[in-house]
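Chains as they are written, first to last, in our numbering: chain A, 53 to 420; chain B, 53 to 420; chain C, 37 to 359; chain D, 37 to 359.
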Amino acid sequence: MTVTPEATTTPLVQLLTPEGERLHHPDYDVDLTDDDYRSFYRDLVLVRRIDVEATALQRQGELGLWASLLGQEAAQVGSGRALRPQDFAFPTYREHGVAWCKGVDPLTLLALFRGASNGGWDPQEKRFNLYTIVIGSQTLHATGYAMGIQKDGAVGDSDGEAVIAYFGDGASSQGDVNEAFVWSAAYNAPIVFFCQNNQWGISTPTSTQSRIPLYKRAEGFGFPGVRVDGNDVLASYAVTRAALDAARTGQGPTLVEAFTYRMGAHTTSDDPTRYRLSSDLEAWKLKDPLERMRSFLFKQQIGDSSFIDSVDADADELAARIRKGCLEMPDPDPLSMFDDVYADQTVLLEEQREELGTYLAGFAGGGH
Amino acid sequence: MTVTPEATTTPLVQLLTPEGERLHHPDYDVDLTDDDYRSFYRDLVLVRRIDVEATALQRQGELGLWASLLGQEAAQVGSGRALRPQDFAFPTYREHGVAWCKGVDPLTLLALFRGASNGGWDPQEKRFNLYTIVIGSQTLHATGYAMGIQKDGAVGDSDGEAVIAYFGDGASSQGDVNEAFVWSAAYNAPIVFFCQNNQWGISTPTSTQSRIPLYKRAEGFGFPGVRVDGNDVLASYAVTRAALDAARTGQGPTLVEAFTYRMGAHTTSDDPTRYRLSSDLEAWKLKDPLERMRSFLFKQQIGDSSFIDSVDADADELAARIRKGCLEMPDPDPLSMFDDVYADQTVLLEEQREELGTYLAGFAGGGH
Amino acid sequence: MQLTLAKALNEGLRAAMESDPRVLLMGEDIGKLGGVFRVTDGLQKDFGEDRVFDTPLAESGIIGTAIGLAIRGYRPVCEIQFDGFVYPAYDQIVSQLAKMHARSKGSVAMPVVIRIPYGGGIGAVEHHSESPEAYFAHTAGLKVVSPSNPADAYTMIQQAIASNDPVVFFEPKRRYWEKAEVDTEAVPDPLWRSRITRPGSDLTLLAYGPMVRTCLDAAAAAEEEGRSLEVVDLRTLSPLDFDTIRESVRRTRRAVVVHEAPRSIGLGAELAARLSEELYYEMEAPVLRVTGYDIPYPPSRVEEEYLPDLDRVLHAVDRSLAY
Amino acid sequence: MQLTLAKALNEGLRAAMESDPRVLLMGEDIGKLGGVFRVTDGLQKDFGEDRVFDTPLAESGIIGTAIGLAIRGYRPVCEIQFDGFVYPAYDQIVSQLAKMHARSKGSVAMPVVIRIPYGGGIGAVEHHSESPEAYFAHTAGLKVVSPSNPADAYTMIQQAIASNDPVVFFEPKRRYWEKAEVDTEAVPDPLWRSRITRPGSDLTLLAYGPMVRTCLDAAAAAEEEGRSLEVVDLRTLSPLDFDTIRESVRRTRRAVVVHEAPRSIGLGAELAARLSEELYYEMEAPVLRVTGYDIPYPPSRVEEEYLPDLDRVLHAVDRSLAY
Ligand SMILES: Cc1ncc(C[n+]2csc(CCOP(=O)(O)OP(=O)(O)O)c2C)c(N)n1
Ligand SMILES: Cc1ncc(C[n+]2csc(CCOP(=O)(O)OP(=O)(O)O)c2C)c(N)n1
Ligand SMILES: [Mg+2]
Ligand SMILES: [Mg+2]
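So this is what it looks like as structure tokens:
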């Protein structure tokens, strides 16, 4: 395995230092109000709280699994807020922060991890596709959707539509993801590929997937790639917004690599102590996306401790609602598993539904 | 579809102009004897003759199909001759010229296209894998083989082993090919990816696959790519040899794009007049790989017309042998279709073999 | 009008594109070339490159982007160039396309058609003669159909495109060039119905796609020997139209299934399993299977021995009637 | 020694690696992590990164490179992390791996093992509970096996690795943590043999992998009601050991097949088709199937209703005995 040092030392777009210093960048800059800054912070806090609460619920047996976004809040909130209402997002299974920005109720996400549904929101309405667990496959769906935008003539000016496809560093190795690059380049599709390089695919470091920084992959396909500090919500926002605007105005695809770190386990089933050093974690703690935004608010004096407290109170309320909703969540009707397999139901499934119904009814009456 | 002019104007490594002028190149040069030059020419002629004869046999109904290499002789003979005996090649379905260099009897190739076998040579013995029709899949086999070389410690010095994987411009879009790039880079495998960009994937121009020159794809994966004049046998030889030597000495993968043109139909089933202009063809005729080598021999006075005649006589002889062998080729025993499905035969297939045997025997006796 | 099966498909595609502007055709070499079998001939010229387009050479990409186009509201019709080239798209078909409607609780429809020329008998090289239908008919969430004749080809392709469920549409490539009358004005049979193509009373031949003609020929030959064979053209492989199938076999009390695909765990197994369960007291012989063998498709010089033909069908009929 | 099924596999892999230096283990997260189920735990540490290695995240790449390694003379054992993630590798498995030996006329062996944890019942999210065995058992050129208990897991994995044919090795993930005695010195049964795990006389339950335990429990429960059920653990799904199966059902004259996979065109269909043909005059009831339904695997909160369990098995036994 050859790892060039380049993989970790490449410069990245940053608008906010880990210490909360605001930087300016010639190509990527944003003009935000104090309200904007505060609401960015609020989203970061709420999104983290959703994650913390879900993790706790999993520990208590209320969820089968949870994939934590800890450490990736800025990449998700930054890119999620860069989306305009008409833009469509294709997530993996970890984009709880983007889901939040797109108005998906956290409880529907929990339903999925609880095993009460395999989806649950209307992708068209939310303009946020279902979570996709088979690594990389959603990047092609996103590309196809973007081709559809072109066919509808909905690209070309600043009101145009664009698509964002999320995927991980591990996913970059999948054939599907590279085919999505081929197709998007061939058709010049209005799409942003947003790769959260959180350094790990479960236990596998990014160096097993690529020996050069991932944003450079785009060059091989003939479109631009850029690396952004994924723990910097402002930079994530600015870079994504620029890429989306390029897409919607007909300039084709961009690959954004958000350089970040998965602070938690891969999922609640995982044990990262088996494969990584806690010293890494310590180093990344200093780059925490919430801390740096809070420092910035304090430094700029646009958020005082009463604001911070009010956000925390909102988070408490949200957490309580999630917890209550999860505990009260009904199990699906077993017979509903036959619904919606097809748009036009088949005789076979009607029969099997009846078979199971009769069988379960027999139990109700005393069973075998 | 965006086609940057770059796709066709990129400079390529050339050692022999279409007029037969010998050029020198700072990075790629070769030191060849007059005998070498003559035998390059001879291979080009023989390989083309195999192709012409096979095409004729197909027209006469002796082959089900033939995939012509017309126009690609230099890319194949150049790269094929760059292989050392220990090197292993993974072809597509069109590498008759490489097969020739690897000592595969043309008749076994014909058997495949005749429908008398699905393979027919021993890949280990020839160090030339079976033809692979499912586009791109062989690039992963080649990568795995190259990883095996590493595990055997057979890489590192100038006697090391290397692998070459052939594929087309169309194939560059397949997930498998890009995964092969990922894997080869990750493991720094001793492999040369040899892409014959003959400008077409059946009726689809290269611009549908990529908007930048294909050799640049390698950059996105962190290894070098180079474009060579695929109609120049000397350049094809030199560039491939250098890439193989890099691989065998532990420097990892290289992508070679041999820029050439498919002068014939995709296969004998195809009708290229439906999708391309004959003017293109005319332009490429001026770059004919045989003509330029012949001009060079004449200019250098290292091949006179008696040499040319003797090569033609060899070609006639070869063609006659191929024709005779093809016409005399026996059909396989139908029952042999049950052989070799497994290394350890199964009861089920023994039964089915018996079933078919009895059934056919019944016919021999008068039948149903 | 007399049309080949390939031309009937072409006309059916044309009609579907005319009636719904959201129908798209996509695949390798389907534009200027009109597909390697010319099924899409002339359609790019008439409907433009936006609606009929050549794709990069990547089957997972074809189906994956078709899914995205369907989410956007389009009705993509994907051509897979040959049966043996569908496998790179397998994940997109069985894990993504087949499940999207259920996963979204019905909010996202997947009106995607995957056209696959399939089957052997044309002297082709390897990977060009396969019958992979069982892989898809075993997959929940997909529907699978196969026309056997030009008239069905014309209507079934339109019905498949009109379906809001994903349909794998298997085209019997060795029958592409067979001509028959196609009445474009006729009221079509429902897509999900099998058809008794030839009535008979002694035994039911169950077949689909390329083997329907073979069975009709066998039935004609059997008639000369005084045997009355019924031929059921399944048309739909998933879901199976078991009402029609059951009704036929209940009458004839004997069934032989014929398909080119390997025998083990093929469509024939399912038909045999269900018939022998549902008509347990009524059948007079076990369901017999005339199929390809459980081996990779052989080199074409011996494909005649591999493929079920009239004689093998009659041989099985004899065996069944001997019970 | 008492081992869980997962640990028995681990010991079996270790033994195989010790006895043949050309055995390699490859897959996602199998090195330091030891695989998500810890089946390869400690093996990278003991055998080194050259022989036990983490791969890039790409299943087609895993199988494709394993084929190349096999051509080079290695014996790769590939782990697919979960059942639902094997499909991206489908072309490499069914078109490349399965056919290489036949295409090369026997000159290239493909001793590749593909380990796949499969089946439901562990409360997992989607794509983590599937039973795709029929897709592979329908594919000529592959062999398919599934152990049901620790002792078999220990020996069968070694036998699969020793096989010169490609073997898809389905591991019943819900049984990974079940413990039983494993005698590492015992002479193993041949890999291609089914086993009568519990003898009986009234009916044969045919099962494999995770459902064997379910059937054994059902047989125990039935005994209390005075019914003697025989349980056959298929062990090999392709080729089927029809000698053992036929012999059992010939005696009991009744059979129920149990699997988690969807019913249509599953292993049960094949068993029913063959048994009803070969034992036509001997059976006293049709072969019944207790299976998953023909739907995508449901959310885990209702998987209990989806999966065959003791009661559904006994229900089918009642139905069969009522004939
Ligand atoms: C096709 C496929 N293979 C394997 C898996 C199992 N798996 C789930 S997540 C994961 C690692 C993904 O890494 P990455 O793409 O970096 O995303 P991250 O989890 O870091 O967000 C793996 C191997 C899967 N879901 N899909
Ligand atoms: C997976 C797959 N899809 C489709 C085909 C059908 N097909 C055969 S050759 C070909 C074009 C290949 O183009 P390219 O890779 O440029 O190679 P060339 O034929 O030009 O040598 C296609 C689409 C195939 N063989 N395999
Ligand atoms: Mg990651
Ligand atoms: Mg080409």
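Think of the CB as a built atom: it goes at the ideal place given N, C-alpha and C, for glycine as much as any other residue.
Buried or exposed, going by whether 16 or more other CB atoms sit within 10 Å of the CB of A/F390? Here residue 390 of chain A refers to the residue found at position 338 of the first sequence. Burial state of A/F390 is buried, judged by a 10 Å Cβ sphere holding 16 or more other Cβ atoms.
Is the Cβ of D/G100 closer than 9 Å to any Cβ of chain B? Numbered from its first residue, the fourth sequence carries residue 100 of chain D at position 64. Closer than 9 Å to some Cβ of chain B, the Cβ of D/G100 qualifies, so yes.
Using a Cβ distance threshold of 8 Å, determine whether the segment 246-256 of chain A contacts the segment 220-236 of chain A, with at least three qualifying pairs required. Yes, the segment 246-256 of chain A touches the segment 220-236 of chain A.
Listing by chain order, which chain C residues have their CB less than 9 Å from the CB of D/R325? By one-based count along the fourth sequence, residue 325 of chain D stands at place 289. In chain order: A309, E313.
Just to confirm, is the Cβ distance from C/G177 to C/K215 under 9 Å? Looking up residue 177 of chain C in the third sequence gives position 141. Looking up residue 215 of chain C in the third sequence gives position 179. Cβ atoms of C/G177 and C/K215: not closer than 9 Å.
Secondary structure at C/Y329, three-state DSSP: helix, strand or coil? Position 293 of the third sequence, counted from the start, is the residue given in the question as residue 329 of chain C. If DSSP states are grouped into helix, strand and coil, C/Y329 belongs with coil.
A/S495 lies in the alpha helix (DSSP H); which residues open and close that run? Shown here, chain A extends from 53 to 420; a query on residue 495 of chain A therefore has no answer.
Does the beta carbon of A/N250 fall short of 8 Å from some heavy atom of ligand 1? Sequence index remark: in the first sequence, residue 250 of chain A carries index 198 (1-based). In this structure, A/N250 has its CB closer than 8 Å to one or more heavy atoms of ligand 1.
Compute the distance between the beta-carbons of D/F118 and D/I152, then report whether it is under 9 Å. Residue numbering aside, residue 118 of chain D sits at position 82 when the fourth sequence is read from its first letter. Residue numbering aside, residue 152 of chain D sits at position 116 when the fourth sequence is read from its first letter. Annotated as proximal: D/F118 and D/I152, with beta-carbon spacing under 9 Å.
Spell out whether any CB of chain C is found under 9 Å from the CB atom of B/H420. Translated into the one-based positions of the second sequence, residue 420 of chain B becomes position 368. Residue placement at B/H420 cannot be trusted, given a pLDDT of 45 that sits under 50; the coordinates are not used to answer.
Straight-line gap, D/M319 to D/T240 (C-alpha atoms, nearest Å): As a first step, residue 319 of chain D must be located in the fourth sequence, where it is residue number 283. As a first step, residue 240 of chain D must be located in the fourth sequence, where it is residue number 204. Taking C-alpha positions only, D/M319 is separated from D/T240 by approximately 11 Å.
Output needed for D/L252: all residues of its chain with C-beta closer than 7 Å, excluding positions within five of it in sequence on either side, in chain order. On the fourth sequence, position 216 is the one that residue 252 of chain D refers to. Take D/L252, set aside five residues on each side of it, and the residues of its chain with a beta-carbon closer than 7 Å to its own are T233, R234, V267, in chain order.
Cα-Cα separation between C/I150 and D/I301, rounded to whole angstroms: The residue labelled residue 150 of chain C in the question sits at position 114 within the third sequence. The residue labelled residue 301 of chain D in the question sits at position 265 within the fourth sequence. Cα to Cα, C/I150 sits roughly 21 Å from D/I301.
Return the residue from the list D/R229, D/V122, D/K81, D/P92 that minimises the CA-CA distance to B/T398. As a working mapping, residue 398 of chain B is identified with position 346 in the second sequence. It is D/R229 whose Cα lies nearest to the Cα of B/T398.
May I have a chain-ordered list of the alpha helix (DSSP H) segments no shorter than 4 residues that lie completely inside the segment 79-148 of chain B? If you keep only unbroken alpha helix (DSSP H) runs of at least 4 residues inside the segment 79-148 of chain B, you get 86-111, 125-134.
Counting only beta-carbon atoms, is C/A145 nearer than 9 Å to chain D? If you number the third sequence from 1, residue 145 of chain C lands on position 109. Taking Cβ atoms only, chain D never reaches closer than 9 Å to C/A145, which makes this a no.
Which residues in chain C sit within 9 Å of A/S259, going by Cβ to Cβ distance? Counted from its first residue, the first sequence places residue 259 of chain A at position 207. None at all; the shortest Cβ gap to chain C is about 26 Å.
Chain G contact for D/R108 (CB, 9 Å cutoff): Within the model displayed, chain G is absent; protein chains A, B, C and D are what it includes.
With distances taken from CA atoms, which of A/L67, A/G227, A/A310 is nearest A/Q128? Within the first sequence, the letter at position 76 stands for residue 128 of chain A. Comparing alpha-carbon positions, the option among A/L67, A/G227, A/A310 lying closest to A/Q128 turns out to be A/A310.
Should C/Q38 go down as buried or exposed, given a rule of 16 or more other Cβ atoms within 10 Å for buried? Working through the third sequence from its first residue, we reach residue 38 of chain C at position 2. Taking all protein chains shown into account, C/Q38 has fewer than 16 neighbouring C-beta atoms within 10 Å of its C-beta and is therefore exposed.
Kindly say whether D/P208, judged by its beta-carbon, lies nearer than 9 Å to any beta-carbon of chain B. Sequence index remark: in the fourth sequence, residue 208 of chain D carries index 172 (1-based). Residue contact check for D/P208 against chain B: no CB pair falls below 9 Å.
Helix, strand or coil: how does DSSP classify B/H77 here? Counted from its first residue, the second sequence places residue 77 of chain B at position 25. Correct three-state label for B/H77: coil.
I need the straight-line Cα distance from D/G78 to D/E47, nearest angstrom please. In the fourth sequence, the residue the question calls residue 78 of chain D occupies position 42. In the fourth sequence, the residue the question calls residue 47 of chain D occupies position 11. Distance between the alpha carbons of D/G78 and D/E47 is about 10 Å.
Could you run through the segment 169-194 of chain D and flag, in chain order, every residue whose CB is less than 7 Å away from some CB of chain C? Result list: A170, Y171, A173, H174, A176, G177.
Check whether the segment 206-216 of chain B touches the segment 155-170 of chain B, taking contact to mean three or more Cβ pairs, one atom from each stretch, closer than 8 Å. By the criterion of at least three beta-carbon pairs nearer than 8 Å, the segment 206-216 of chain B is not in contact with the segment 155-170 of chain B.
For A/S331, the first and last residue of its enclosing alpha helix (DSSP H): Against the first sequence, residue 331 of chain A aligns to sequence position 279. That run of the alpha helix (DSSP H) goes 330-337.
How many angstroms separate the CA atom of D/D305 from the CA atom of D/R87? Start at 1 with the first residue of the fourth sequence, and residue 305 of chain D comes out as number 269. Start at 1 with the first residue of the fourth sequence, and residue 87 of chain D comes out as number 51. Residue identity differs from the one stated: residue 305 of chain D is Ala in this sequence, not Asp. If I take the Cα positions, the gap works out to 40 Å.
Just reading off the beta strand (DSSP E) that C/M62 is part of, what are its end residues? Here residue 62 of chain C is taken as the residue at index 26 of the third sequence, counted from 1. Residues 59-63.
If I measure Cβ to Cβ from A/E29 and keep anything under 8 Å in the same chain, skipping five residues before and after, which residues do I get? Nothing about residue 29 of chain A can be read from this structure; chain A reaches only from 53 to 420.
Under three-state DSSP, which class holds C/V248? Numbered from 1 along the third sequence, position 212 holds the residue referred to as residue 248 of chain C. When DSSP states are grouped into helix, strand and coil, C/V248 belongs to the helix group.
Can a CB atom of chain D be found closer than 9 Å to the CB of C/S131? Position 95 of the third sequence, counted from the first residue, corresponds to residue 131 of chain C. Interface residue, yes.
C/N200 versus chain A: which residues are under 9 Å apart at the beta carbon? Numbered from its first residue, the third sequence carries residue 200 of chain C at position 164. Neighbours of C/N200 on chain A, chain order: Y394, A395, D396.
Would you mind reading off the limits of the alpha helix (DSSP H) that contains D/T280? Locating residue 280 of chain D in the fourth sequence gives position 244, counting from the first residue. In the DSSP annotation of this structure, the continuous segment of the alpha helix (DSSP H) that includes D/T280 starts and ends at 278-288.
For B/A79 and B/N240, I'd like the C-alpha separation in whole angstroms. Start at 1 with the first residue of the second sequence, and residue 79 of chain B comes out as number 27. Start at 1 with the first residue of the second sequence, and residue 240 of chain B comes out as number 188. First, the residue type needs correcting, since residue 79 of chain B is Asp and not Ala in the sequence shown. One C-alpha to the other measures close to 22 Å.
In the DSSP assignment, find the alpha helix (DSSP H) that holds C/D347 and state where it starts and stops. Position 311 of the third sequence, counting from 1, holds the residue named residue 347 of chain C. It spans 346-357 - the alpha helix (DSSP H) in which C/D347 sits, taken as one unbroken run.
Should C/D330 be flagged as near chain D, meaning a C-beta pair shorter than 9 Å? Reading the third sequence from its first residue, position 294 is the one you call residue 330 of chain C. So, interface residue.
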